[in-house]
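*Asks:* Got a structure for you, written out below as structure tokens; questions coming shortly.
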Amino acid sequence: MADTSETRSAPLGLRLFPRVKAALEDAAKADRRSVASYVEKLIVADLEANGFLDKGAAE
Numbered sequence: 163m164a165d166t167s168e169t170r171s172a173p174l175g176l177r178l179f180p181r182v183k184a185a186l187e188d189a190a191k192a193d194r195r196s197v198a199s200y201v202e203k204l205i206v207a208d209l210e211a212n213g214f215l216d217k218g219a220a221e
């Protein structure tokens, strides 16, 4: 079970090609999420799928 007292406090910055950023913004909008929320969703799904993060640990 996830530690519910944990807050999102670790920033992450990255540079993207403008086309990639535009596609990311479109995908986030289609999923009714902010870009940050959408990127977190993608990262968590990949980490869980590859065994780096327990399923549900980031909820």
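For the sequence shown, counting from 1, position 27 maps to 189 in the working numbering; every step adds exactly one.
No residue lacks a Cβ here, since even glycine has one placed at the ideal position from N, Cα and C.
Note that the coordinates shown come from a computational prediction; the quantities given were computed from them, not determined experimentally.
Among V206, E168, K217 and V197, which residue has its Cα nearest to the Cα of V182?
*Replies:* The option with the nearest alpha carbon to V182 is V197.
*Asks:* Run through DSSP, which three-state label would S199 get?
*Replies:* helix
*Asks:* Please determine, among R195, V201 and D188, the residue with the shortest C-alpha to C-alpha distance to G175.
*Replies:* Distance check between G175 and each of R195, V201 and D188 places V201 closest, using alpha-carbon atoms only.
*Asks:* Going by C-alpha distance, which of A190, L186, D193 and L215 is nearest R177?
*Replies:* L186
*Asks:* I need the DSSP call for L204, collapsed to helix, strand or coil.
*Replies:* helix
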